[in-house]
Each structure stands twice: as structure tokens, then as C-alpha cells.
Amino acid sequence: MDIKKVIMPIVGLVLWELLAIWLNNPVILPPVENVIKILINPQTTLLGTGTLVENTLVSIKRVLSGFIVAGIVGVPLGILMGYFPTVMDLFDTVIELLRPIPPLAWVPLALAWFGVGETSMLFIIFIGAFFPILLNTIAGVKSVPKILIETAQTLGAREKDILLKVVIPASSPHILTGLRIGAGIAWMCVVAAEMLPGSSAGLGYLIMYAYSLSRMDVVIASMIIIGIIGLVLDRGLRYIEDRYFKWRYLIK
């Protein structure tokens, strides 16, 4: 293990503990050991809302559901918009109008359209992940060197073959980057979505409920779990990128 990668986390923990001792108020900042106690006992029921494991699994399920739908819609649409000018002209204005709107601004409409419950939460997660995936896919397709496409055309490749065997493989690194960004934003959105009316489980719900009871140790433990899961997901996608797309540096 590279010692440099653990220096700052250790320094952060030390500063956290010193500040907690100085404040002497767990409602503001609980000691490190209080949070660690929750993390190393994830099967213990917290505040009558289920265990840390149960709430984490609920959030993971929601994130994956919204993220997968965003990928299924965003990647194909991005490929079409990036490759076919007509499709770009059809969708570009609408996309650019909707893209700057924060996911949380959709909450009232989500509640009006889908009511209180699971569908509204998944919609917010979908919105958060969709645009990074879409825009990176478009950028990836547009970044494919023209010489690759022209060479394939010269060799008699059909439009379908150029798209499937040249454009999509060459733009895959950008698509994967979009998926990484989308996954991160999906995790941000799930916490906000689980704070909506109708939620009764998940890390976001646990954070708000613990806050209402002034249990900052539970709040921070839940936040740490979110950070760990986000880190693992990002590292997994980055591993795929580094292992299977090293050739991307050779395409200019």
C-alpha cells in the first residue's frame, strides 16, 4: 500500500478526534470511536429504522435501478446524437434547456407525476445520472478521428458496420467516463430522493431521521458508507477503463 494515500485520512481522523474532544458536544461532532462503533456493528438496528446493512442495500438497489435506466436511455441516444446530425438537431435544443436544471428542482414534478413513493425517487436518480452519460457519449462519438471512419468507408464498410465496429468501440472510453460521473451523481441524488415524503428506508432517510433525533454519530456513519460505496464503484469503473481501454491514448 502506498503510504501517501493514507496520510491525509489519518490526519483527518486525528483532527476530527481532537476537535470532538475540544467541543465536548456529540450533538455537534461525535467522537471518532462512536462512529466506528456503528460501522463495525452494521447488523445492529439503528433508531428503529433497520440496520445499517439493510438501509445500505435499499439505497444500492435504488441507485442501480435509476443508473441502469439512465445508461440504457443515455448511451444509445448519445451515440445517435453524436453520429447523425439530424438526430442532434432534433434533440439538442431540448437537451440544452433541461440539462442545467438541478435534479432537486424536479422533485415537485416527480411527486405530481408519480406520487409519493419509489417511482419518484427513481426518477430523481435517473435525471441526475442521465445527462452526464448522454453528454459524454456525444463527446465520445464526436471525438472519433475522421480518418478511422473514412478508412472504413474506403474499404466498403456499411453505415451500420461503421457505427458498430468503429464509432462505438472508439468512443467507449468517453462513454465509460460518463458512466463514472453518472454513478457519482446518482449517489448524490439517492440521498436527496430518500429525504422525500414516502421514504421509510435507505441511507438518506436514515440521515434525516438521525438528524431529527440529534444522533450525529449515525449521520456521519451513514455518510461514510455512502462515500465508501461511491469510491468502490468509481474504482471499479476506473479499473475497467485502465485495463481494457489503454489504447485510447494512441488515438489522436
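Position 223 (the sequence shown) corresponds to 733 in the numbering used here; numbering is contiguous. Every residue gets a Cβ at the ideal spot worked out from N, C-alpha and C, and that includes glycine. What you are looking at is a predicted structure, and each value in this text was computed from that prediction instead of being measured.
How long is the line joining the alpha carbons of residue i and residue j, rounded to whole angstroms?
i: E669; j: I582; result: 22 angstroms
i: D671; j: A680; result: 13 angstroms
i: M631; j: T661; result: 46 angstroms
i: L644; j: L587; result: 7 angstroms
i: V568; j: V516; result: 30 angstroms
i: N535; j: E527; result: 12 angstroms
i: L607; j: F640; result: 14 angstroms
i: I538; j: M726; result: 7 angstroms
i: I637; j: W532; result: 42 angstroms
i: Q663; j: T629; result: 45 angstroms
i: P618; j: F624; result: 10 angstroms
i: R764; j: S653; result: Lying before the first or after the last residue shown, residue 764 is absent from the chain, which here runs from 511 to 762.
i: V563; j: I734; result: 13 angstroms
i: L713; j: N565; result: 5 angstroms
i: I736; j: L529; result: 23 angstroms
i: T603; j: G522; result: 45 angstroms
i: I548; j: I578; result: 31 angstroms
i: V701; j: L716; result: 9 angstroms
i: C699; j: I659; result: 38 angstroms
i: L665; j: R745; result: 39 angstroms
i: L674; j: I657; result: 16 angstroms
i: V573; j: G592; result: 27 angstroms
i: G692; j: I605; result: 16 angstroms
Using alpha carbons as the reference points, say which of the options lies closest to residue i.
i: F728; options: N544, M518, V516 and R745; result: Note that residue 728 corresponds to Val in the displayed sequence, not to Phe. The residue with the shortest Cα to Cα distance from V728 is N544.
i: G708; options: V626, I685 and G584; result: V626
i: G584; options: D744, I717, G666 and L686; result: L686
i: I739; options: L658, W697, P642 and I520; result: W697
i: I634; options: G650, L614 and I691; result: L614
i: P612; options: P595, S722, A703 and L665; result: A703
i: I730; options: V521, P541, I520 and M518; result: P541
i: L621; options: M705, L665 and I513; result: M705
i: G688; options: I717, A580, V573 and V742; result: A580
i: M598; options: V676, A649, P552 and L556; result: A649
How should residue i be labelled, buried or exposed, when 16 other C-beta atoms within 10 angstroms of its C-beta is the threshold for buried?
i: I550; result: exposed
i: Y719; result: buried
i: T647; result: buried
i: S724; result: exposed
i: I513; result: exposed
i: S732; result: buried
i: I763; result: Because the chain here runs from 511 to 762, residue 763 falls outside it and cannot be looked at.
i: P519; result: exposed
i: V651; result: buried
i: R748; result: exposed
Assuming residue i and residue j make a contact with CB atoms under 8 angstroms, what is their CB distance in whole Å?
i: G576; j: A711; result: No, G576 and A711 are not in contact; Cβ-Cβ is about 16 angstroms, not under 8 angstroms.
i: I695; j: P610; result: With a Cβ gap of about 14 angstroms, I695 and P610 do not count as contacting.
i: E751; j: P655; result: In fact, because the Cβ distance is near 19 angstroms, the residues do not count as touching under 8 angstroms.
Looking at chain C, is there any beta carbon in it that lies within less than 8 angstroms of the beta carbon of residue i?
i: G694; result: The displayed structure is made up of one protein chain only, and chain C is not part of it.
Can you find a heavy atom of the ligand FAD that lies under 7 angstroms from the Cβ of residue i?
i: S682; result: This structure lacks the ligand FAD; in fact it carries no ligand of any kind.
### Message
Suppose only complete runs of 4+ residues qualify. What are the alpha helix (DSSP H) ranges in the region 716 to 760, listed by chain order?
### Response
726 to 754
### Task
Report the residue ranges of all alpha helix (DSSP H) runs contained in full by the region 555 to 637; include only those spanning at least 4 residues, in chain order.
562 to 593, 595 to 608 and 617 to 624
### Message
Could you tell me which whole alpha helix (DSSP H) segments of length 4 or greater appear in the region 636 to 674?
### Response
656 to 664 and 669 to 672
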